[in-house]
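Down below is the structure, laid out as structure tokens.
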Amino acid sequence: MSRKASFAETIRRGEDRGQANHGWLKTSHSFSFADYYDALHMGFGALRVINEDFVEPGYGFGMHAHRDMEIITLVLSGQLHHEDSMGHSSTIGPYEVQRITAGTGMRHSEFNNGALSTHLLQIWIEPNVRGVAPSYAQKKLPPGFARGRLGLIASADEHAPLVTMRQDAKMYLGAIHGPEGIVYNLDQSRMAYVHVIKGNIEVNGHLLRAGDALKTSSPHLVLARGEEAEVLLFDLAQS
Numbered sequence: 027m028s029r030k031a032s033f034a035e036t037i038r039r040g041e042d043r044g045q046a047n048h049g050w051l052k053t054s055h056s057f058s059f060a061d062y063y064d065a066l067h068m069g070f071g072a073l074r075v076i077n078e079d080f081v082e083p084g085y086g087f088g089m090h091a092h093r094d095m096e097i098i099t100l101v102l103s104g105q106l107h108h109e110d111s112m113g114h115s116s117t118i119g120p121y122e123v124q125r126i127t128a129g130t131g132m133r134h135s136e137f138n139n140g141a142l143s144t145h146l147l148q149i150w151i152e153p154n155v156r157g158v159a160p161s162y163a164q165k166k167l168p169p170g171f172a173r174g175r176l177g178l179i180a181s182a183d184e185h186a187p188l189v190t191m192r193q194d195a196k197m198y199l200g201a202i203h204g205p206e207g208i209v210y211n212l213d214q215s216r217m218a219y220v221h222v223i224k225g226n227i228e229v230n231g232h233l234l235r236a237g238d239a240l241k242t243s244s245p246h247l248v249l250a251r252g253e254e255a256e257v258l259l260f261d262l263a264q265s
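The sequence shown begins at 27 in this note's numbering and counts up one residue at a time.
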């Protein structure tokens, strides 16, 4: 059977994600996480976590441990102050990306030390190499980085524009509005996960809104008719 005849596309609406409201933290889990468990949503290939968090001023996550995970945080608004056992102390602002390779183990804390609520996405990707030394990277997205295109945020390529990760995966950000459109081609053994950050957009003819996601193994992804839309696109090895 040809790939064209066998590819599958699945939509998951934002309101169907795992939801929690702790007062200081409102969070939506795309995949099983913490107290939210759904056997049908344990991850997608190496993509294990997409959490959308709103953190109130003066609150955050105390020192906690990670091991053997690639953790990518994208702050959308507000700020997040980070400290870790590797000696890093920094504040992540809007459209800055942080990558932690947890490796053999590290501890960190994350707090909103600003005056406004912080809106962020945290992504976990399972590494293809375990037991490496922990490492840290933080980069600011350049102006126009994703305007009308897919800007590569993270990949295994050491020449990636922003940050590297230890997995055969690519993570893109796209910002699409009006007549702008993007066509993304997937290789034979790949699959894609598209998560809408904000706005509305059509992906392969499906109307998606903020929080919605599309899983696909289609050889072509067409992103069009965006209304102030921002999306994350993950290109992953088929599992």
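Even glycine gets a Cβ: it sits at the ideal position worked out from N, Cα and C.
Per DSSP, which residues does residue i bridge with? Please list them.
i, result
"I97", "I126 and W150"
"E228", "L233 and A250"
"H90", "H134"
"S115", "E109"
"A330", "Here the chain covers residues 27 to 265 and nothing more, so residue 330 does not appear."
"E78", "S54 and L147"
"S244", "S244 pairs with nothing; no bridge assigned."
"H221", "A239 and L258"
"L73", "F70 and I151"
Rounded to the nearest angstrom, how far is the Cβ of residue i from that of residue j, given a contact under 8 angstroms?
i, j, result
"A72", "E152", "5 angstroms"
"M89", "H134", "7 angstroms"
"N154", "Q193", "5 angstroms"
"I208", "L258", "Not a contact, Cβ separation roughly 13 angstroms."
"H221", "E254", "Rounded, the Cβ-Cβ distance is 16 angstroms, inconsistent with contact."
"M112", "P169", "With 8 angstroms as the limit, M112 and P169 do not qualify as a contact, their Cβ atoms being about 30 angstroms apart."
"G252", "I223", "About 11 angstroms; that fails the 8 angstroms criterion."
"L178", "Y198", "6 angstroms"
Can you say whether residue i is buried or exposed, counting buried as having 16 or more other CB atoms within 10 angstroms of its CB?
i, result
"A180", "buried"
"A60", "exposed"
"L233", "exposed"
"S265", "exposed"
"E96", "buried"
"R173", "exposed"
"R125", "buried"
"A34", "exposed"
"L142", "exposed"
"T36", "exposed"
With 9 angstroms as the threshold, decide whether the Cβ of residue i is near any Cβ in chain C.
i, result
"V209", "No chain C is present in this structure, which holds just one protein chain."
Suppose contacts are defined by Cβ-Cβ distances below 9 angstroms. Is residue i in contact with residue j by that definition?
i, j, result
"V123", "T99", "yes"
"H48", "S58", "no"
"A195", "F260", "yes"
"E82", "T53", "no"
"A218", "S243", "yes"
"G225", "V248", "no"
"Y210", "H185", "no"
Next on the checklist: For the pair the segment 159-173 and the segment 104-119, tell me if three or more CB-CB distances fall below 8 angstroms.
Outcome noted: Verdict: yes, contact present.
Item to check | Stretch pair the segment 92-108 + the segment 138-146: three plus CB contacts closer than 8 angstroms | outcome: Taking one beta carbon from each stretch, the segment 92-108 and the segment 138-146 have 3 or more pairs nearer than 8 angstroms; the two touch.
Next on the checklist: Would you call the segment 233-247 in contact with the segment 33-45, where contact means no fewer than 3 C-beta pairs closer than 8 angstroms?
Outcome noted: Output reads yes: the segment 33-45 touches the segment 233-247.
Checklist entry - Is it true that the segment 63-77 meets the segment 123-140, where meeting means three or more beta-carbon pairs spaced less than 8 angstroms apart? => result Under the three-pair Cβ rule at 8 angstroms, the segment 63-77 does not count as touching the segment 123-140.
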